[in-house]
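One structure is given below, encoded as structure tokens.
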Amino acid sequence: MKRYLSHPFWQGAIVVVASYVAFEYVIGYVLPVIGVASAPVPSSVIVEYMLIVLVGVLLYMSADEERWQRFREPIRETMVQPDRRTLRGILMVAFPVLIGWLAYERVKPSYAAPATLRAVHPAPPNQLTFRGETIELTGLENPLREEGSMEEHLAVGKRIYVRNCVPCHGDLLDGQGHYAQAFNPVPADFTSSGNLPQLTESYVFWRIVKGGPGLPREGTPWDSAMPAWETILEQDEIWATILYLYDQTGFPPRTWEEEGGHE
Amino acid sequence: MKRRMTRGVVTRGVLLAALALAVALPLLAQAPGPDYGEFNFLGLDRRGAVWIAAQLHLLFAAFVLGVPMFAVVIEAIGMFGGDEKYDKLAKEFTRLLLVAYSATAIWGAILVFFLSTLYPRFWAYLTAIFAPSMWVYAGLFFLESFTLYLYYYGWDAWKKGAAKKVHWCLGIMLNIWGTIVMFIANGWLTYMMSPPEGLTADTAPQTVQLWSAINNATWMPINIHRLLANVVFGGAIVGAYAAYRFLTSRTDEERAHYDWMGYTGNLIAIGALIVLPFAGYWLGREIYEFSQQMGITMMGGFMSWLWIIQAFLIGILFLAGNYYLWIGMGRIPGAERFQPYIKWMLLVLVLGVIVWATPNTMIADRDEIAAMGGIRHPFLQVLGVMSAKNTAVNLMILTTFLSFLMYRRANKDPVVPWARAGTMLQGAAFALCAVVVVFYGVYGYFVTAIVRIGFSVYQVLAVLATILFVIGIDMAMLRGAKSRGEIRWGRMPDRSQYALLILAVTFTWLMGLMGFARSGIRQHWHVYEVIRDTSEQAFTPALGPAATIISICVLIFFGLVGVIFWLGGLAERSVYQEAEAEAKGAEGHAALGEPMPSPALGDVD
Chain P
1 MKRYLSHPFW QGAIVVVASY VAFEYVIGYV LPVIGVASAP VPSSVIVEYM LIVLVGVLLY
61 MSADEERWQR FREPIRETMV QPDRRTLRGI LMVAFPVLIG WLAYERVKPS YAAPATLRAV
121 HPAPPNQLTF RGETIELTGL ENPLREEGSM EEHLAVGKRI YVRNCVPCHG DLLDGQGHYA
181 QAFNPVPADF TSSGNLPQLT ESYVFWRIVK GGPGLPREGT PWDSAMPAWE TILEQDEIWA
241 TILYLYDQTG FPPRTWEEEG GHE
Chain A
1001 MKRRMTRGVV TRGVLLAALA LAVALPLLAQ APGPDYGEFN FLGLDRRGAV WIAAQLHLLF
1061 AAFVLGVPMF AVVIEAIGMF GGDEKYDKLA KEFTRLLLVA YSATAIWGAI LVFFLSTLYP
1121 RFWAYLTAIF APSMWVYAGL FFLESFTLYL YYYGWDAWKK GAAKKVHWCL GIMLNIWGTI
1181 VMFIANGWLT YMMSPPEGLT ADTAPQTVQL WSAINNATWM PINIHRLLAN VVFGGAIVGA
1241 YAAYRFLTSR TDEERAHYDW MGYTGNLIAI GALIVLPFAG YWLGREIYEF SQQMGITMMG
1301 GFMSWLWIIQ AFLIGILFLA GNYYLWIGMG RIPGAERFQP YIKWMLLVLV LGVIVWATPN
1361 TMIADRDEIA AMGGIRHPFL QVLGVMSAKN TAVNLMILTT FLSFLMYRRA NKDPVVPWAR
1421 AGTMLQGAAF ALCAVVVVFY GVYGYFVTAI VRIGFSVYQV LAVLATILFV IGIDMAMLRG
1481 AKSRGEIRWG RMPDRSQYAL LILAVTFTWL MGLMGFARSG IRQHWHVYEV IRDTSEQAFT
1541 PALGPAATII SICVLIFFGL VGVIFWLGGL AERSVYQEAE AEAKGAEGHA ALGEPMPSPA
1601 LGDVD
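So the sequence lines, in the order shown, correspond to chains P and A.
Each residue of the first sequence is one higher than the one before, counting from 1 in this note's numbering.
Each residue of the second sequence is one higher than the one before, counting from 1001 in this note's numbering.
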């Protein structure tokens, strides 16, 4: 056992297998058990990670001539030594079978919707029309922050949210409303640090006003179930809802800066 | 004979470019005709044709602008340091320029032909604004060409004394002309991205002020980004040339020379690469400031997945660059003591690439999305944002610098009395820098986006300050250091040279991909929000077709570069073969392990 553990080939194999176990099972299944928010990692990301690990292992093994020779030893011996004929034969069959199985897995008919590449935050237009009124989005601030009572605005926002948004976005604002799982893409999770704090209020205004039908071309696939609320709500009601969202989640909205900047 | 042939190729290329400009400019400023010309060649449409011509022109141009920058520095090292091998190396670098220069001119001419015939109305629009700068451009192009001829062909004639200094000044002039030429062309393309305020589709182009058109929001950031990127690219291509020559070498002497040349090219490429992200970051900020829509399209919208591909490719660059240094330590006596650290440095790099390549929003099928509760992974999403990525890349830069430091110190034992304290100080600087980088990375999660953006500046400054501080100590500490033995140039396994080739290919690919991002964020505009693209190719191509076109460009480029390498090798091959024949006849055979040889490269062209 010790002999194997000290051999570069088996060390490399152990690192690759351990990495796979960590990415596939530890992140996906062990972390939730110990109370850390996690979920199984999508296969596209697993493949990405494993490629990086594999390249890393090969680089390490071949960075030193002696280690590289030792690393190749078991492979070379398996390929040429007469006493490894049985193992060689097994591998000669196993590898094509493995490749064939992988190929079959990829091409076999499936009824699942294909994996999608979706821009969650597509670029907003510089201006939009709200029931015929043109509104410049660049530099636009929430007008309710400067006028009236914040308490009242939040009360309006809460009423609008509960009446219109809860079924999809959930009463915890986490995108887990009653209908959420019926949609693909699922409704936005406002509690995620990747959503509200990354966006200016003008961006959120645009998304509520125009909804799924108003997604730009690059926002494919255009199957968001979000309605275009401009036909139902008034501008102030939308701004009040935005105030409510930021207030409830505790995130500050992204602000405009003179120097610009991006993430 | 060969010299005449090379010169002929150069001349034809320049003439072709001049002809293109002379014919195209007046023709294209003419009265309105059709908006677009017809083109279909093996399925390639007009946009594809312009794309390929522009990309190849840019790749060759980057090479011919980058190489003179470090050739002139290396010549100065040879001239002021009195070591002739640097002078010969600089000349060998410059020789590669000659044919590449022709290729630049030819692809530039093809680009002008395509633009003028396939986009006649838009080209007329551009010439109406930029015509004076186009004539200056053409004039400077000639000036640059003849300065290059003088610089290269006068190398041996002006080898000593004041003449050498004049020759060196020619190299500086070559760089100045080249830089101005690039700045002018950058003015045209950045105008298309970020035209001055107040322009509309109805604005007559003749009324647009030339200087305000050139000096637009993204002009200077692109200038600086490209200046640095040209050095990186030039170093990488030179490294690839050296790798090719190393792999085809027949003598130990030849292998030793090209091993050294490859090392120098890699050092230049990786050294300039370290500061390149900062220039890129500035460019990104300016784009975002110019137009939020453009910024979000680039970073969060349609183009955002390109950054994951970029992360992969830059990861390859870091890994290959470090790998080359680590293998290179095998030919340095005394480097064994640093071997145990390699696995830890590799671990930092691999983790860094993993963090950088973690998408914020993942490609997932319906079941996977349901399991994650959205398109973001509940645990891995912390790695998908810029706080994590900035931290990762800064630590990767720091690790790469550490690799270089170990390589540099491998065969040296400092003799200064404060050597131990100096090394500890260096270690402390590294540790402090890592703490600063990680601190701001973690703190970034707890502040607003606007504050977080500022943190990346602190991280960058910490890394740059550490690099300068540590290298300063190192230079002082290694003065008069005891040598553990000379570097055994040439004793490199072949796989190290493949790392150099991978570096060059990756840089080329990266330039194409990120160039697509820069140009593609204009979407359906020729000039952003001023002149609309009304052709049938007005859509922005998806990543797949875009990657295909870019890969075709990379293949064509390396096909042509292969010819240049072959031509570059024709001349010296005979010399090395003669040397080999002589060596066979002689009793003593130059053994490996000697100090860097200086083959008589300067005597042949």
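The C-beta atom is built at its ideal place from N, Cα and C for all residues, glycine as well.
None of these values were measured; they are calculated from a predicted model.
Determine the contact status of residue i and residue j, defining contact as a CB-CB distance below 9 Å.
| i | j | result |
| --- | --- | --- |
| V1353 of chain A | G1315 of chain A | yes |
| L243 of chain P | L144 of chain P | yes |
| F9 of chain P | V45 of chain P | no |
| N1390 of chain A | G1444 of chain A | yes |
| G1463 of chain A | V1438 of chain A | Per the sequence presented here, residue 1463 of chain A reads as Val, with Gly not at that position. No, these two residues do not count as a Cβ contact at 9 Å. |
| A1499 of chain A | A1320 of chain A | yes |
| I1564 of chain A | L1096 of chain A | yes |
| S202 of chain P | L140 of chain P | yes |
| S62 of chain P | R1409 of chain A | no |
| M1303 of chain A | G1520 of chain A | yes |
| I1332 of chain A | Y1241 of chain A | no |
| D135 of chain P | A240 of chain P | The sequence given here has Ile at residue 135 of chain P, not Asp. Going by C-beta atoms, I135 of chain P is not nearer than 9 Å to A240 of chain P. |
| Y1191 of chain A | F1130 of chain A | yes |
What's the gap between the Cα of residue i and the Cα of residue j?
| i | j | result |
| --- | --- | --- |
| V156 of chain P | L196 of chain P | 19 Å |
| A1370 of chain A | D189 of chain P | 13 Å |
| A115 of chain P | P42 of chain P | 10 Å |
| Y1324 of chain A | P1493 of chain A | 10 Å |
| I1212 of chain A | F1183 of chain A | Reading off the sequence shown, one finds Ser at residue 1212 of chain A, where the question assumed Ile. In a straight line, the C-alpha of S1212 of chain A is about 14 Å away from that of F1183 of chain A. |
| S1387 of chain A | N184 of chain P | 29 Å |
| K108 of chain P | A37 of chain P | 33 Å |
| P1026 of chain A | A1449 of chain A | Any reading at P1026 of chain A must be qualified, since the residue scores a pLDDT of 49, below 50, and its modelled position is unreliable; the value itself is stated next. Cα to Cα, the separation comes out at about 50 Å. |
| I1180 of chain A | W1509 of chain A | 26 Å |
| T1399 of chain A | Q1206 of chain A | 53 Å |
| W1188 of chain A | D1533 of chain A | 17 Å |
| G1593 of chain A | D83 of chain P | Residue placement at G1593 of chain A is flagged as unreliable, the pLDDT there being 40, under the threshold of 50; a coordinate-derived value is accordingly withheld. |
| S1194 of chain A | M1134 of chain A | 19 Å |
| L1338 of chain A | L1380 of chain A | Residue identity check: residue 1338 of chain A is Phe in the sequence provided, not Leu. Roughly 34 Å between the two C-alpha positions. |
| P1340 of chain A | L1555 of chain A | 39 Å |
| L1044 of chain A | P1545 of chain A | 12 Å |
| V1447 of chain A | T249 of chain P | 14 Å |
| M1596 of chain A | R72 of chain P | Note that M1596 of chain A scores a pLDDT of 43, beneath 50, so its modelled location is shaky; the value from the coordinates is reported in the next line. C-alpha separation (whole angstroms): 32 Å. |
| A1279 of chain A | L199 of chain P | 25 Å |
| M1477 of chain A | G1082 of chain A | 23 Å |
| I34 of chain P | V26 of chain P | 10 Å |
Taking 9 Å as the CB-CB cut-off, is residue i touching chain P?
| i | result |
| --- | --- |
| I1237 of chain A | no |
| Q1339 of chain A | yes |
| Y1445 of chain A | yes |
| A1029 of chain A | Residue placement at A1029 of chain A is flagged as unreliable, the pLDDT there being 49, under the threshold of 50; a coordinate-derived value is accordingly withheld. |
| M1362 of chain A | yes |
| Y1263 of chain A | no |
| R1376 of chain A | yes |
| G1154 of chain A | no |
| M1294 of chain A | yes |
| D1252 of chain A | no |
Consider the Cβ of residue i: report whether some Cβ of chain A lies at a distance smaller than 9 Å.
| i | result |
| --- | --- |
| N184 of chain P | yes |
| S224 of chain P | no |
| G194 of chain P | yes |
| E65 of chain P | yes |
| W68 of chain P | yes |
| V17 of chain P | no |
Within the region 1249-1333 of chain A, note down every full alpha helix (DSSP H) run reaching 4 residues or more, in order along the chain.
1252-1290, 1292-1299, 1304-1328
Do three or more CB pairs link the region 121-133 of chain P to the region 1373-1384 of chain A at distances below 8 Å?
no
What are the uninterrupted segments assigned as alpha helix (DSSP H) that are 4 or more residues long and contained completely in the region 1157-1229 of chain A, given in chain order?
1161-1193, 1210-1214
Is the region 1347-1364 of chain A close to the region 1267-1284 of chain A, with three or more CB pairs under 8 Å?
no
Should the region 1105-1114 of chain A be regarded as contacting the region 1056-1065 of chain A, the criterion being three or more beta carbon pairs within less than 8 Å?
yes
Identify every run of the alpha helix (DSSP H) within the region 166-243 of chain P, keeping only runs that are complete inside it and at least 4 residues long; order them along the chain.
166-169, 201-210
Those runs of the alpha helix (DSSP H) which lie wholly inside the region 1455-1523 of chain A and span at least 4 residues
1494-1520
Spell out a yes or no on whether the region 1204-1224 of chain A and the region 1453-1461 of chain A are touching, meaning 3 or more CB-CB pairs, one atom from each, closer than 8 Å.
no
Three or more C-beta pairs below 8 Å linking the region 1479-1493 of chain A and the region 1428-1436 of chain A
no
If we count Cβ pairs, one from each stretch, closer than 8 Å, do we get three or more for the region 1233-1250 of chain A versus the region 1074-1088 of chain A?
no
Under 8 Å, with one C-beta from each stretch per pair, do the region 12-22 of chain P and the region 44-60 of chain P reach the 3-pair mark?
yes
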